[in-house]
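Peer 1: Here you go, one structure.
There are 4 protein chains.
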Amino acid sequence: MILMIPRYEQEEVVKIWSDENKLLLWQGTELAVIKARANSGQIPIEVYAEINAILMQNPIDITIWKQLEKDLRHDLVAFLEERRRFLPEDLKLYLHGDGMTSYDTEEAAFARMLKESISVTTGEYTELQEILKEMALKYRYTIMNGRTHGQEAELQTFGKRCLTWYKDLQVSFENLQRTTEALKYSKLSGAEGNYGGIDPEIEKEALAILGFEPFYGATQIMPRELYAPIAHALSQLVLSISKIATDIRLGARSGRPIYQESFGKKQVGSSTMPHKRNTISAEQLEGMARLAKAFSIALTENIVTWEERSIEQSSVERVAWPDLFHVTVRSLKTISKILENLVVYPDNMFLEIVDSRGNYASSNAKEVLKEIGFTFGLSTEDAYRILQLASFNVHEPGRKEEKLRNRPPESFEESNELLHIFQTFEKPTPISIQYIIPKGKLRVSSRLGATESDIQRWNETLKKIFQDTKNLNKWNKVFMPSYILRHEAVLYEEILEQ
Amino acid sequence: MILMIPRYEQEEVVKIWSDENKLLLWQGTELAVIKARANSGQIPIEVYAEINAILMQNPIDITIWKQLEKDLRHDLVAFLEERRRFLPEDLKLYLHGDGMTSYDTEEAAFARMLKESISVTTGEYTELQEILKEMALKYRYTIMNGRTHGQEAELQTFGKRCLTWYKDLQVSFENLQRTTEALKYSKLSGAEGNYGGIDPEIEKEALAILGFEPFYGATQIMPRELYAPIAHALSQLVLSISKIATDIRLGARSGRPIYQESFGKKQVGSSTMPHKRNTISAEQLEGMARLAKAFSIALTENIVTWEERSIEQSSVERVAWPDLFHVTVRSLKTISKILENLVVYPDNMFLEIVDSRGNYASSNAKEVLKEIGFTFGLSTEDAYRILQLASFNVHEPGRKEEKLRNRPPESFEESNELLHIFQTFEKPTPISIQYIIPKGKLRVSSRLGATESDIQRWNETLKKIFQDTKNLNKWNKVFMPSYILRHEAVLYEEILEQ
Amino acid sequence: MILMIPRYEQEEVVKIWSDENKLLLWQGTELAVIKARANSGQIPIEVYAEINAILMQNPIDITIWKQLEKDLRHDLVAFLEERRRFLPEDLKLYLHGDGMTSYDTEEAAFARMLKESISVTTGEYTELQEILKEMALKYRYTIMNGRTHGQEAELQTFGKRCLTWYKDLQVSFENLQRTTEALKYSKLSGAEGNYGGIDPEIEKEALAILGFEPFYGATQIMPRELYAPIAHALSQLVLSISKIATDIRLGARSGRPIYQESFGKKQVGSSTMPHKRNTISAEQLEGMARLAKAFSIALTENIVTWEERSIEQSSVERVAWPDLFHVTVRSLKTISKILENLVVYPDNMFLEIVDSRGNYASSNAKEVLKEIGFTFGLSTEDAYRILQLASFNVHEPGRKEEKLRNRPPESFEESNELLHIFQTFEKPTPISIQYIIPKGKLRVSSRLGATESDIQRWNETLKKIFQDTKNLNKWNKVFMPSYILRHEAVLYEEILEQ
Amino acid sequence: MILMIPRYEQEEVVKIWSDENKLLLWQGTELAVIKARANSGQIPIEVYAEINAILMQNPIDITIWKQLEKDLRHDLVAFLEERRRFLPEDLKLYLHGDGMTSYDTEEAAFARMLKESISVTTGEYTELQEILKEMALKYRYTIMNGRTHGQEAELQTFGKRCLTWYKDLQVSFENLQRTTEALKYSKLSGAEGNYGGIDPEIEKEALAILGFEPFYGATQIMPRELYAPIAHALSQLVLSISKIATDIRLGARSGRPIYQESFGKKQVGSSTMPHKRNTISAEQLEGMARLAKAFSIALTENIVTWEERSIEQSSVERVAWPDLFHVTVRSLKTISKILENLVVYPDNMFLEIVDSRGNYASSNAKEVLKEIGFTFGLSTEDAYRILQLASFNVHEPGRKEEKLRNRPPESFEESNELLHIFQTFEKPTPISIQYIIPKGKLRVSSRLGATESDIQRWNETLKKIFQDTKNLNKWNKVFMPSYILRHEAVLYEEILEQ
């Protein structure tokens, strides 16, 4: 049985949620019950031995099972009929005997499928974290602009960004682990959970054989409150992955990508534009997140049923659980592959910092100015406004650009021409706030409120402050990466060495 | 390619969304473009004739296509390579020529798949409505308790309930039809929708061949704003269906079902409780609604993409569109089957009305009492409170029941005994508000605020009022089904005879 | 500031999420940082003492804060300006000093608001569970039909149903508790989480003052992976509540309600139908669940942001967190009120069992028949089919009903007449499967496949079997509530006595 | 009554959904019914005149209404009580008479609130589209890199991007308009929609007074199938807005923004980093989209109710409709404000094109090479691969960069030093594919599969081809903006001049 479309399905997940596996697990429950009854002396021990031997020798025939289901309109009863074919009359009544209800058989099997799927998920997660750990170490000293609101912010290392990705995933994974607490339990307590059939003692023993403890307080089924958090946790894991994928898409934007997805030597980027190197895998992960959220929403609704249960939840679970695992496992594999092969451009990271014109240190610069400036009469507010003005000053447009901003081209001919002009445009050497502030070279900006006289006062004070070499050294120090990043080590220690 | 799990998949939908069909529709777009270019004189007419003949003679080989896709990581380019295998060198450049981008080829194909799927949906919807129409007519005079808040309310016919189901579906279906307005359009306007490749004129002609008009304002793709309402409309249709299914579940509750799902002669109700006749199909429709909502949510998110497009939407669409149609078509078929074979119990509907003890007419009774009572000094408020009190009075428990309500059994032995007693319990003949009000037989109820003296006053007034036979006749008339339902005909006329 | 509509808002929640409280908590963070710096010797201890004294003496002025925010377009900076009004120049730079970023101040405050809200939630949950516990004990021996698929199933007690409600809530609440693990942590690690400002040591100390540990691996903000599970857990708790509410609505359906919401003595059921006693509170809880799910979905999306953060999450959190808590706390209070005042009808529970005509024991009856019947040549399959046939037999319609089922009324006059007839309809004394099976009184049912000859064979065998009084006693025993419910005690022990 | 948090609420929406307005609209329904009854001769015409006069003279007292609601637990009945205070006894029974049910009064009022809110929405939408239209015209010739997958793609104008935004919004708005078809209808057909009270004729007349037609097929309420599409359409409109907001965030990323949100002269960008100019308004719109989706999901669930209705939908509607309109109207206003004040940098758009090194024309270049190259033996595949290789060649890193990519820095000291070096780094003059292809200067790229001998063959052929000036001219033409964008005019015509 294939659940997800072949394009996205994961072989391990297909296997776990196959009819073959499900029926085998159903048989597992049935045999555990018989064994428990035999162990407790309720039935002769030979009964178990015989039934076990017969069923093991006769594999389940899926085709016959499907045929029977059509008539009976009941998959579990069809399974029992298929199995009873091989049992002598006097053993038949032991199979699914003692007032067992279908979901007595099915619940443990279902929980085992969840467990197996989570184990596959855990395996993939572990590999992914290994990759991120290596990246964090490899780029331990590769500095880059951190970005908040998409804007150049303070300096950080690329290794540290990898660490935050690592940690996001860890939070989501630990959350997933907590939700699997629910999988400790199962039930064999009959049609309404009050042991109309099987005794509590037999339940305990049979469940122990299958690796579970009894859940006291079930109805015909386990409450779906137990499983909804697992679905949500899986969707959250995919969301964490898609957050990383978004960061990769953002970093890969041309013209000056800081990293890109790897590109196959024979790969084709676009059917029409041969130069394209698209972040198609990362983008797909956004699609995966949309799907994962949807499946989680549907599975959460399964909590509500009527009284001692009705069967609304079943069709949702047949579709959404395996599909959610397909999506999760595929997402883990995809992001691992993207990261493992990520083409990283430290050169562009450096160039980006240079282009920030000192702003990468504006926070520390402001603090040092506040501190030194205080005795020179600069207020906290002044320090802030000086840094802000300087950051606008270093990005002030030239005359040609200014003009263009005020009057965009008015014909394509003008555009042709402008393109020609810009092709030979020489960028002025970038000036930095590190330089203009100590020199007192602030200028009026049309986009900020500071007046000519404010600025004059500031410039004079600044010159006075930085005549003192001690102050200037203090100032220059805050622009050194090694200074700014002096505390990043603690993150490595705390996150990777736990 | 199988998308939905076999249990729920619909053959027609499988076919439409198969790779085979998709690639055939891609070829359709490619040929339409070549034809349009030939028609306009841009390329020789023989080019089209030749290419068309060759491609028609050489069916698409899905296996080779899949193989090519693995290397190229681009499904459309893989398709072109597969097709070009059969073309002589000088014809190759015409296939997907003129700067076409992948989505030029794919969008029209995609819209056609949506159209075909909606056409299947429409067919199933039409059959369903025929069934409901017949039911409405068959049960035109079968009276029943309407229910609001699950409580017996006024009288209606079962035919009328069928009409409201019919109408709910109609509203949802007409909404679906309105959303398909979007499927008039497609695009061939190149990598960014500004005709970098194909001319606007060629686009118009090629799209006309495929049954579309150009959408001006596309990017690389059609905006997903066009399709999200379709997804929502489909999920809404399934919700309307699940509303009907809920009503069937509610009516089928034992002890006195008013209708039930049919039950196969060999069917098995429960693996452990042989007497069960469960509403499993109706319940499954609640599950289908959960899935439909989820798919619609995921598809709606596809509206947001980056700039001239990125490819987040693709994976969602591959999974969620076909699955949403599987769910919709299956839901339509299931509810049709349930309704077509519904076992209806008019006898129980009558018994239910009798058990409402006249309350089925309480609204009309109140109105007539207000009207007649006015000249006898009964206020609007009085009339209301009299009817309320009477309705409590007719359901007042006997002494035995009262006692039990105050003191539930305190051991299972007591329960055993009580069960024995209740087995021979004779229900008192039900009294009706139709009788006790004109007789002035209201009594104090511990559960309402009316005082002994209020009630005495009311009883006396009531007796006075109903001494007049004219008033009594008026009173009795409002308890006649034919009177209460005198206006239902207008619904039949307006709904069925449009 | 009022968030939820007044109708649904909860005073405690309003208070926690008010601007007043938020700003006070921001001040709390600021003071903790200054204190920590003082403790570590980074700044003079008097600085903390002075600032603390001044700020405590000058309460925050919300009006001024709002005014400042308009100009600055930054709520945290506006808050700092408002606070700095009272500080002498030399102390100003210590407030929000050392390179702190806004979210350094806000994150701990936010986590504290979550903690406080969850504490309110916990209080309401605890009261609710006390009510359910009492109900479980009060109705320890009040037997009722369990219902699966809305159908009479096996016997249980109403106390046990209360226990399963209790347990569902417990599962959801323990899940909520597990998610609050996230609230152990907060951050003061600066604009990108790498301690550009505050030292790791100062962070540790300041957070300890506020009751937190540092979260290593934050960006500018705490990852929203920490909080999404809390939102989901809250919505799940409301879903568990709405499941109970649904059960109450189902049990309250007229004609023979087993319980009802209490009804105020002056209450009005419907503006037009005075007899109505609607389950309006329980129905509202379904609405609350719809809202809770929606808020949880929105909050889960907050996981994805760009790089070191952008601010998409903020507007969602301002609205959805308080609203989700309003909905949760209100739902807890509403269900508590419904349950505390629930009007329970044990008499109707007994009558319902009687009307099930022995089917309440069909599972146990089948098991005993399988066991006894085996030596008489009855197969497992026979036993099942006998019970199924008997259960159909005891519900076989009379001739009058049969006729009506085949030919519904064809005019309202006919309906009038039929209603009259049914008003005096005498129900035949119910027969039970407990009786007809041992007597061998099975009859052909048109709705099942068993043939005349099958049935004859079965009847003869049954008579033979039950000639033996020992067998008859065994048979009758399984119809005794005390027998069927012999194991319910274990649920009470395991659930209530933990 | 305040619904949304003050931060986001919209005054017009507050007013429409206020209790004051709601009660006034309820009174409107009541009066319309009385007037219709009077018009039809059912009651004396003076009755209407008198009641109308009295109610108009006595404004509704909200405080009293709220008090009454507490006792009665029914808001509509409380309203009637408040109104009846002013009516003489003989007129009282006409108010809400003739068997009207609460929702007869409420449905028309509710639909009118929806209509009014949509009218506010339409007003804001219209203003937004005016702004976009102006932008489209202003930037009619301002060329920029289109971007697909975040990568430089073909050339377009910024005006054209504005046009696609305009069109996206138009599609969503026209969809909204289609859904309002539902607001043509209302109902006065009583407790179950079958005219137990008011006659069909009176309904028709009364609804006409209020501007509606009767909806035949209602239950107690209008089916929520009518309104769910409106909610979805509103959320879709917000999604379209958030798509534009995302594009703005992407374009505003530093280092070379192509546009930015405007920034107040006194504005503060970050509490710690003075240089920040964050896209906070655009980011907030992503949050608004999350909220809008959530409200739409909750409102869609309202379709399902029980039988002739229960009241699950009410609480959802009280919260989610006004909040959805707050979010929608606010989003429209915010995006209008962002766009109206958007700071556009045509200079940076040009620089971006230059940096694409000719790739902006790669699609057209490939087509022309295919066409010219054919007679020189270049296959379609060759043409594609040549363009791809050239595009890699022009971005090949220098030796210094290459080295850094292979060996990232291994200490912060190294980083310090590298930053120093890069600060004086001179970028080599960019070479373009426009130049290297005709010159036959392709080189091996380590990242693509083309071999040395392939490339040699290609280079020779290329040189041969472009010896012919005619071919070279053809080639150069496709790099001219005026050529590439020759068809954009059709978009302006079709979109703006309809």
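Chains as they are written, first to last, in the numbering used here: chain E, 1 to 498; chain H, 1001 to 1498; chain F, 2001 to 2498; chain G, 3001 to 3498.
Just so it is clear, CB atoms sit at the ideal spot from N, CA and C, and this is done for glycine as well.
Note that the structure is predicted; figures quoted are calculated from it, not measured.
Does any residue of chain E bring its CB to less than 9 Å from the CB of W2306 of chain F?
Peer 2: The residue labelled residue 2306 of chain F in the question sits at position 306 within the third sequence. It does; some Cβ of chain E falls within 9 Å.
Peer 1: What are the residues of the stretch 276-289 of chain E that lie near chain G, defined by any Cβ-Cβ distance shorter than 8 Å?
Peer 2: Per Cβ criterion, the list reads K276, R277, N278, T279, I280, E283.
Peer 1: Using 9 Å as the limit for Cβ to Cβ distance, is I3303 of chain G near chain H?
Peer 2: Reading the fourth sequence from its first residue, position 303 is the one you call residue 3303 of chain G. Closer than 9 Å to some Cβ of chain H, the Cβ of I3303 of chain G qualifies, so yes.
Peer 1: For R1330 of chain H, which three-state DSSP category applies?
Peer 2: As a first step, residue 1330 of chain H is located in the second sequence; it is residue number 330 there, counting from the start. Note: R1330 of chain H maps to helix in three-state DSSP.
Peer 1: So is K265 of chain E in contact with chain G if we call contact Cβ pairs under 9 Å?
Peer 2: In the first sequence, residue 265 of chain E corresponds to position 265, counting from 1. True, the Cβ-Cβ gap to chain G drops below 9 Å.
Peer 1: Which residues share a DSSP beta bridge with Y2094 of chain F?
Peer 2: Residue numbering aside, residue 2094 of chain F sits at position 94 when the third sequence is read from its first letter. Bridge partners of Y2094 of chain F: none, in fact.
Peer 1: Taking contact to mean 3 or more Cβ pairs, one atom from each stretch, closer than 8 Å, check whether the stretch 2324-2342 of chain F and the stretch 2429-2441 of chain F are in contact.
Peer 2: no
Peer 1: Can you pull the DSSP bridge partners for Q2260 of chain F?
Peer 2: Counting from one through the third sequence, the residue named residue 2260 of chain F turns up at place 260. Its beta-bridge partners are F:V2343.
Peer 1: Which chain H residues are close to G99 of chain E, counting only those with a beta carbon under 7 Å from its beta carbon?
Peer 2: The residue labelled residue 99 of chain E in the question sits at position 99 within the first sequence. The answer, in chain order, is T1272.
Peer 1: Can you pull the chain E neighbours of V1013 of chain H, defined as C-beta to C-beta under 9 Å?
Peer 2: Residue mapping note: residue 1013 of chain H aligns to position 13 of the second sequence, counting from 1. At a C-beta separation below 9 Å, V1013 of chain H has no neighbours in chain E, since its nearest C-beta there lies roughly 13 Å away.
Peer 1: Strictly under 9 Å for the Cβ-Cβ distance: is D2347 of chain F near chain H by that measure?
Peer 2: Within the third sequence, residue 2347 of chain F is the residue found at index 347, counting from 1. By this cut-off, D2347 of chain F is an interface position.
Peer 1: Can you tell me whether R161 of chain E is buried or exposed, with buried defined as 16 or more other CB within 10 angstroms of its CB?
Peer 2: As a first step, residue 161 of chain E must be located in the first sequence, where it is residue number 161. Classification for R161 of chain E: buried.
Peer 1: Considering only their Cβ atoms, is the gap separating M3288 of chain G from V3344 of chain G smaller than 9 Å?
Peer 2: Translated into the one-based positions of the fourth sequence, residue 3344 of chain G becomes position 344. Translated into the one-based positions of the fourth sequence, residue 3288 of chain G becomes position 288. Not in contact: V3344 of chain G and M3288 of chain G (Cβ atoms no closer than 9 Å).
Peer 1: If you compare alpha carbons, which of F:W2017, F:M2100, F:E2410 is closest to G2190 of chain F?
Peer 2: By one-based count along the third sequence, residue 2190 of chain F stands at place 190. The option with the nearest alpha carbon to G2190 of chain F is F:M2100.
Peer 1: In this structure, how does DSSP classify L2239 of chain F when only helix, strand and coil are distinguished?
Peer 2: Translated into the one-based positions of the third sequence, residue 2239 of chain F becomes position 239. Of the three classes helix, strand and coil, the one that applies to L2239 of chain F here is helix, per DSSP.
Peer 1: So who's on the other strand from N1021 of chain H, going by DSSP bridges?
Peer 2: In the second sequence, counting from the first residue as 1, residue 1021 of chain H sits at position 21. According to DSSP, N1021 of chain H bridges with nothing at all.
Peer 1: Rounded to the nearest angstrom, what separates I2002 of chain F and I297 of chain E at their Cα positions?
Peer 2: To locate residue 2002 of chain F, count along the third sequence from 1; it is residue 2. To locate residue 297 of chain E, count along the first sequence from 1; it is residue 297. Residue confidence for I2002 of chain F is low, a pLDDT of 35 falling below 50, so the modelled location carries little weight and cannot support an answer.
Peer 1: Can you confirm whether F2376 of chain F, when its beta carbon is compared against all beta carbons of chain G, has any partner nearer than 9 Å?
Peer 2: As a position in the third sequence, residue 2376 of chain F is number 376, starting the count at 1. Cβ-Cβ to chain G under 9 Å: no for F2376 of chain F.
Peer 1: Opposite Q3156 of chain G in the DSSP bridges: which residues?
Peer 2: Indexing the fourth sequence from 1 puts residue 3156 of chain G at position 156. Per DSSP, G:M3144.
Peer 1: Any beta carbon from chain H within less than 9 Å of S482 of chain E's own beta carbon?
Peer 2: Stepping through the first sequence from its first residue, residue 482 of chain E is reached at position 482. It does not: the Cβ of S482 of chain E has no partner Cβ on chain H nearer than 9 Å.
Peer 1: Among G:L3091, G:E3106, G:A3036, G:Y3360, whose alpha-carbon lies nearest the alpha-carbon of N3021 of chain G?
Peer 2: For the purposes of this step, residue 3021 of chain G is identified with residue 21 of the fourth sequence, where counting begins at 1. Checked all of G:L3091, G:E3106, G:A3036, G:Y3360; the closest Cα to N3021 of chain G is G:E3106.
Peer 1: Could you say if the stretch 2392-2412 of chain F and the stretch 2468-2475 of chain F meet the contact criterion of at least three C-beta pairs nearer than 8 Å?
Peer 2: no
Peer 1: Tell me where the alpha helix (DSSP H) around S2362 of chain F begins and ends.
Peer 2: Position 362 of the third sequence, counting from 1, holds the residue named residue 2362 of chain F. From DSSP, the alpha helix (DSSP H) with S2362 of chain F extends over 2362-2373.
Peer 1: Please state the DSSP three-state secondary structure of Y1492 of chain H.
Peer 2: Reading the second sequence from its first residue, position 492 is the one you call residue 1492 of chain H. For Y1492 of chain H, the three-state secondary structure derived from DSSP is helix.
Peer 1: Could you tell me how far apart the beta carbons of I1016 of chain H and M1113 of chain H are, in whole angstroms, since I believe they sit closer than 8 Å?
Peer 2: Mapped onto the second sequence, residue 1016 of chain H falls at position 16. Mapped onto the second sequence, residue 1113 of chain H falls at position 113. Contact between I1016 of chain H and M1113 of chain H holds, with the beta-carbon distance rounding to 5 Å and staying under 8 Å.
Peer 1: Determine whether the beta carbon atoms of H219 of chain E and E82 of chain E lie at a separation below 9 Å.
Peer 2: If you number the first sequence from 1, residue 219 of chain E lands on position 219. If you number the first sequence from 1, residue 82 of chain E lands on position 82. His is not the amino acid found at residue 219 of chain E; the sequence shown has Thr there. No, the pair does not count as a contact, with Cβ atoms beyond the cut-off.
Peer 1: If you follow the alpha helix (DSSP H) that F2376 of chain F is in, where does it begin and where does it stop?
Peer 2: The residue given as residue 2376 of chain F occupies position 376 in the third sequence. F2376 of chain F -> no alpha helix (DSSP H), and no H or E assigned at all.
Peer 1: Does the Cβ of K2463 of chain F have 16 or more other Cβ atoms within 10 Å, making it buried, or fewer, making it exposed?
Peer 2: Position 463 of the third sequence, counted from the first residue, corresponds to residue 2463 of chain F. Per the 10 Å Cβ criterion, exposed.
Peer 1: Indicate whether L226 of chain E and K3265 of chain G have their beta-carbon atoms separated by less than 9 Å.
Peer 2: Within the first sequence, residue 226 of chain E is the residue found at index 226, counting from 1. Within the fourth sequence, residue 3265 of chain G is the residue found at index 265, counting from 1. Not closer than 9 Å, so no.
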